[in-house]
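Residue numbers (full-length UniProt numbering): 1 to 87.
As structure tokens, this is what we get:
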């Protein structure tokens, strides 16, 4: 059985490289997420972090309530993933 995972978009400050914000994207069907963010051949389940471009953010914004207004001069955006222990 595969572990339960959560995925989110993390916003990082380019200057400090600190995470400043995250938005959960678990509402997006996984197959759709894979269309927007194509996985690497050795990572079919999108476990790695993926730096997002403007087009990907625009497509993801269609699904999420809290829209991202990207500012690539100050920030970069990453699709991240972590396993979650089920209680």
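Note that the Cβ used here is the ideal one computed from N, Cα and C, for glycine as well. Bear in mind the structure is a predicted one, so any value in this text is a computation, not a measurement.
In whole angstroms, what is the alpha-carbon distance linking residue i and residue j?
| i | j | result |
| --- | --- | --- |
| residue 24 | residue 8 | 4 Å |
| residue 47 | residue 59 | 20 Å |
| residue 81 | residue 74 | 23 Å |
| residue 51 | residue 72 | 11 Å |
| residue 10 | residue 42 | 22 Å |
| residue 18 | residue 49 | 15 Å |
| residue 38 | residue 32 | 10 Å |
Just to check my reading of the structure: residue i and residue j have Cβ atoms closer than 8 Å, yes? What is that Cβ distance to the nearest angstrom?
| i | j | result |
| --- | --- | --- |
| residue 77 | residue 68 | 7 Å |
List the DSSP bridge partners of residue i.
| i | result |
| --- | --- |
| residue 76 | 12 |
| residue 22 | 10 |
Starting from residue i and walking both ways along the alpha helix (DSSP H), at which residues does that stretch end?
| i | result |
| --- | --- |
| residue 31 | 30-36 |
| residue 60 | 54-61 |
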